[in-house]
Structure formats: structure tokens, C-alpha cells
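Below: the structure, in C-alpha cells.
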Amino acid sequence: MSDLVCDACGNTYPDGDRQHCDCGETLWYELATDFAWPETSGSLWAYSDLLPASNPVGIERAAGGTPLVRAPRLDDYAGCRVRVKDESANPTGSFKDRGTAVATAALRERGADAIGTVSHGNMAMSTAAHAASAGMDAVVLVPDGIPEERLGHIARYDPELYAVSGDYGRLYEASFSLSPTFVNSDSPLRVAGQKTTVVELLHQFDGVPDAVVVPVSSGGHASGTWKAVRELDAAGAIESVPELHFAQAAACDPIARAYRNGDETISPIDNSTETVAYSIANADPPSGTRVLRAARDTGGSVRSVDDDAILDAQRALAERAGLAVEAASATSLAAVRELTESGRLDEADDVAVVATGTGFRERPPTPDTVARVTQTALRERLR
2 MSDLVCDACG NTYPDGDRQH CDCGETLWYE LATDFAWPET SGSLWAYSDL
52 LPASNPVGIE RAAGGTPLVR APRLDDYAGC RVRVKDESAN PTGSFKDRGT
102 AVATAALRER GADAIGTVSH GNMAMSTAAH AASAGMDAVV LVPDGIPEER
152 LGHIARYDPE LYAVSGDYGR LYEASFSLSP TFVNSDSPLR VAGQKTTVVE
202 LLHQFDGVPD AVVVPVSSGG HASGTWKAVR ELDAAGAIES VPELHFAQAA
252 ACDPIARAYR NGDETISPID NSTETVAYSI ANADPPSGTR VLRAARDTGG
302 SVRSVDDDAI LDAQRALAER AGLAVEAASA TSLAAVRELT ESGRLDEADD
352 VAVVATGTGF RERPPTPDTV ARVTQTALRE RLR
């Protein structure tokens with residue numbers, strides 16, 4: 002690794018605690034080495050040449066190595082050939098473990114004994130768990146009003162936990178003045194870890210998919226996705242660059258709006274409404290403008306899908322692929338269906354859908370298909 006670089010204006014800074022360029026854009030690490038595919042990919046550390054840390058401990062070692070599932074029963078539903086990158090297989094059930102593992106390892110190498118984050122839930126759980134495993138203190142700030150069950154999942158790792166009222170975007174900005182070890186959604190260390198989702202996906206794929214579809218909130222995972230394909234393309238490790246498509250919930254879709262309007266930058270929205278995909282409902286995504294560049298640079302797009310489409314896709318993933326994902330994860334499959342229905346993709350296309358997190362932390366709907374019977378009646382039914 003070398004310097005921290007701003008992809009918007011080209012400014013460079015020495016590796017350290019700095020997270021933003023003078024122009025306001027989030028920085029990322031620039032690859033300073035050649036890259037060759039490793040023989041195996043059991044965890045994200047197989048790609049250590051692409052990472053700013055190299056000495057994982059505890060559950061850091063287990064981050065990554067998630068399956069890429071061929072899901073043929075989703076093909077008719079989606080209108081193309083579907084593979085699902087199942088990030089629920091990470092230690093705390095989401096892709097956030099990739100960024101957290103790299104961040105805790107890197108901070109520890111720099112002598113830090115604590116890490117903090119601002120999160121709706123998944124990143125908070127991940128940060129608290131990895132800190133506990135590594136013997137570091139964790140400070141976790143969540144917006145007041147997140148589901149109680151999520152607070153319980155976070156609290157079990159015994160972080161210093163605060164539910165903070167007020168604007169979530171301002172809380173994100175304020176956290177950087179609290180400590181240089183706050184590693185939020187689009188921090189350089191986190192993006193470096195999160196890019197391994199797609200590095201690993203492309204390693205597992207036989208060739209290169211026509212498109213990769215990823216849910217987007219703050220833009221950190223999307224940034225990592227774009228960074229991954231740029232680095233692999235520059236290293237000659239892939240034959241072509243897949244289209245990158247990003248999915249937002251229609252109830253809160255500032256990046257998709259900017260894409261539809263042909264804007265070069267995003268604008269915060271103040272008329273967002275509640276959505277089942279609450280974990281990606283970010284009205285002022287800090288790396289939203291970078292997501293626009295990622296979509297356009299790769300010939301992709303940014304799509305918004307309504308809650309009915311999200312819930313339908315979530316059911317399809319369970320009933321047709323056996324995958325229980327959170328609603329936010331299902332936005333990617335819902336977006337694929339919209340892309341094929343609009344003619345942007347077709348049945349011959351190979352598409353990789355990133356399912357970002359487990360559905361086992363969400364309260365499922367009450368089942369209406371349970372047949373309650375006596376043992377005698379059961380024997381009659383099963384004859």
C-alpha cells in the first residue's frame with residue numbers, strides 16, 4: 002500500500018488517520034503492488050496484497066470466504082442467470098465484517114486500543130464483535146429509534162453504546178471530531194476491506210459476470226466494489242469490467258434520483274419516508290457522488306425499487322434459493338428484475354447479486370400457511 006488518494010481531484014496524502022480530502026471527498030487506498038490471484042480464497046486475507054493490514058487475530062481471520070451460490074430457480078424470476086454472493090456467512094452475518102476486520106487489524110498495528118463507529122445496526126454489531134475478539138474497546142453510536150432487537154444484538158458484545166437523537170448525517174460528520182479511530186461506512190480502511198466482496202466474487206466466478214448488483218446506502222460498499230474492479234482491471238487480473246448496478250429503496254433514493262436526473266453530484270433529500278429496507282435508508286449518503294461515477298464508469302446504473310418489490314424479492318430468495326436475507330439485501334434482486342423488465346439485461350446475461358446481510362435479525366411476518374393438526378390427522382394427511 003502507498004498513499005491515500007482522492008479519486009475526484011487526484012490529491013494524495015500519506016497513510017494515516019486522515020479520512021477526507023480537502024475537497025470533501027472520502028479518500029481511499031491506492032494499490033502500490035502487482036496482483037496475482039491466490040490459489041485459494043478461504044477468507045479475505047487471501048487478498049492481503051490489496052489490503053492495508055496483514056496481521057489478523059480472532060474473528061478477523063474468519064471474515065470473507067463467503068459462498069457464491071448459483072441459484073437456477075431464480076432465473077425465471079429475475080429474467081437472467083443469477084448467482085448470489087451470500088454475505089450472511091460472515092462472522093456477524095453481514096459484509097460489514099470485511100471492513101471491520103481490516104480496520105481493527107490496521108488500527109491495532111498503529112497502536113490503537115479502541116475503535117468507534119456510527120451505524121444503523123450491522124456495522125455496529127460487527128465493530129463491537131471484532132473489538133471484543135481483539136481485546137479493543139468499542140464506542141458505538143446508533144440513531145435513536147432503531148429496532149430494540151438490533152440494540153440487543155449490539156449490546157451483547159459489551160461496547161460503549163449510545164442511542165443518539167437527531168439527524169443521522171450530522172452524527173456521522175460529528176463522529177470524526179470525536180476520535181481518529183472512528184471507522185464509519187466509507188472510511189478508507191473500511192472501503193479497503195469491503196472491496197474484497199467483489200474481488201472474491203470475481204475469483205469464484207468462472208470468467209466475469211455481465212453485471213454485479215449491490216445495495217447502496219452511504220456508498221462505502223459501492224466504492225469498494227468500484228475500487229476492486231479498477232484494481233483488478235489495471236493488474237490484468239480480469240478480462241473485462243462488469244457493469245456495476247446499485248440499488249436503493251424508492252422511499253429514500255438520493256443517488257438513484259441524481260442518476261435519473263443526469264446530475265454529477267447528489268443532493269440530500271428531505272422527503273424520504275419509512276421503508277422496510279431501513280438499514281440502507283440514508284438521505285445524505287457521504288459517498289453518493291462516487292457511486293454515480295462508479296455506475297457511469299462501468300456502463301451500469303443506479304436503480305430504486307419500492308417496498309412491495311423488495312419484499313417480493315426477499316420471499317423469492319427464501320422460497321427459490323433457500324436464502325434468508327434482510328430486506329435491504331433483497332433490493333439487489335428487485336433491481337435485477339427491474340433491469341430485465343426494462344430491457345437493460347436479458348436472459349442470456351450472467352448476473353451476480355450481492356446479498357449483504359442475514360435476515361435472521363429481522364422479525365419475520367406471522368406465517369399464514371401453518372396447518373395445525375392432531376397426530377391422528379397428520380398420519381391421515383401424510384399417507
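Once you know that position 346 of the sequence shown is 347 in my numbering, the rest is easy, because the numbers rise by one and skip nothing.
Using N, Cα and C, we set each Cβ at its ideal position, and we do this for glycine too.
Kindly examine the ligand MG and report whether one of its heavy atoms sits closer than 6 Å to the Cβ of residue i.
i, result
"Pro189", "The model on display carries no ligand, and the ligand MG is accordingly not part of it."
Cα separation between residue i and residue j?
i, j, result
"Pro39", "Tyr48", "7 Å"
"Gly360", "Pro189", "27 Å"
"Met2", "Asp50", "Residue confidence is low: Met2 scores 49 on pLDDT, short of 50, so the model does not pin down where it sits. No coordinate-derived value is stated."
"Val141", "Asn12", "31 Å"
"Asp16", "Ile239", "28 Å"
"Gly289", "Gly170", "13 Å"
"Ser166", "His121", "13 Å"
"Cys24", "Glu61", "33 Å"
"Leu32", "Thr370", "53 Å"
"Trp29", "Pro148", "32 Å"
"Leu19", "Ala223", "A small fix is needed here, since residue 19 is Arg in this sequence, not Leu. Each residue's Cα considered, the two are about 20 Å apart."
Using 10 angstroms around the beta-carbon of residue i, count the other beta-carbons present and answer buried if the total reaches 16, otherwise exposed.
i, result
"Ser280", "buried"
"Glu381", "exposed"
"Tyr163", "exposed"
"Ala353", "buried"
"Ala372", "exposed"
"Ser186", "buried"
Are the CB atoms of residue j and residue i within a distance shorter than 7 Å?
i, j, result
"Gly300", "Glu232", "no"
"Phe247", "Val217", "yes"
"Asp87", "Thr67", "yes"
"Arg99", "Thr182", "no"
"Thr357", "Phe96", "yes"
"Ala139", "Val58", "no"
"Ala251", "Ser305", "yes"
"Tyr78", "Ala322", "no"
"Ala278", "Ala335", "no"
"Glu26", "Ala9", "yes"
"Ala310", "Ala319", "no"
"Thr93", "Met137", "no"
"Val355", "Val215", "yes"
"Val292", "Gly220", "yes"
Keeping to the same chain, check which residues put their C-beta closer than 7 Å to that of residue i; ignore five residues upstream and five downstream.
i, result
"Glu174", "none"
"His204", "Trp38 and Ser42"
"Asn56", "Ala106 and Glu110"
"Thr350", "In the sequence as displayed, the identity of residue 350 is Asp instead of Thr. Only Cys81, Arg82, Asp211 and Ala212 meet the Cβ criterion."
Run through the DSSP bridge pairs and tell me what residue i is partnered with.
i, result
"Lys196", "Its beta-bridge partners do not exist; DSSP assigns none."
"Gln249", "Ser305"
"Pro216", "Ala248"
"Lys86", "Leu69 and Val355"
"Gly117", "Val140 and Phe183"
"Tyr30", "Leu5"
Excluding sequence positions up to five away, which residues of its chain have a Cβ less than 6 Å from the Cβ of residue i?
i, result
"Ile270", "Pro255 and Ala284"
"Gly225", "Val192, Gln195 and Lys196"
Within a Cβ cutoff of 8 Å, which residues of the same chain sit near residue i, ignoring the five residues on either side of it in sequence?
i, result
"Val184", "Gly100, Thr101, Ala104, Leu108, Ile116, Gly117, Thr118, Thr128, Leu190 and Arg191"
"Asp76", "Arg82, Val83 and Glu348"
"Thr332", "Pro216, Ala248, Gln249, Ala250, Ala278, Ile281, Val306, Ile311 and Ala314"
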